[in-house]
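I have placed the structure first, in the form of structure tokens, so that the comments after it can refer back to it.
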Amino acid sequence: MNFVNQLLRGIAFIPALVNAIEALFAGKSGTEKKDAAMSFLESALSTVDAITQRDIIDPEKFKDGISKIIDGTVECLNASTWAKGSPQASAASGQ
């Protein structure tokens, strides 16, 4: 499969992954949740194979990029009604 297509499929999956990790690791720190998401994504995207096949030539930059996508997804979800427990979400739903 074309690496770009595989990457885009993985990125599309991140919101669902973040939601599932949040439910499974509710009592854990944000860092632990992010580590779990990163680990799952590395497996799902077959990062090791892509590195071996030279599709990914700088694994650290690739991981940093995926990390930023996860951070951005969490930020967007936390700014939405998904973050039901936040006072801002409660106030916005009451309008």
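Quick note on the working numbering: the sequence shown kicks off at 252 and runs consecutively.
Ideal Cβ positions, reconstructed from N, Cα and C, are used throughout, including at glycine.
Note that this is a predicted model, so its numbers are computed, not measured.
If I'm right that residue i touches residue j with Cβ under 8 Å, what's the distance once you round it to whole angstroms?
i: Ile321; j: Lys285; result: 6 Å
i: Leu268; j: Phe291; result: 6 Å
In this structure, how does DSSP classify residue i when only helix, strand and coil are distinguished?
i: Ser280; result: coil
i: Asp315; result: helix
i: Ile272; result: helix
In whole angstroms, give me the CA-to-CA distance for residue i and residue j.
i: Thr324; j: Pro266; result: 6 Å
i: Asn253; j: Leu275; result: 32 Å
i: Leu258; j: Gly278; result: 30 Å
i: Pro310; j: Ser297; result: 12 Å
i: Phe313; j: Ala295; result: 14 Å
i: Thr303; j: Glu293; result: 14 Å
i: Met289; j: Ala271; result: 13 Å
i: Phe264; j: Asp315; result: 17 Å
Using C-beta distances below 6 Å, list every residue in its chain close to residue i, excluding the 5 sequence neighbours before and after it, in chain order.
i: Gly281; result: none
Looking only at its chain, what residues have a beta carbon closer than 7 Å to the beta carbon of residue i, apart from the 5 residues adjacent to it on each side?
i: Glu273; result: Lys284
i: Ile262; result: Ile320
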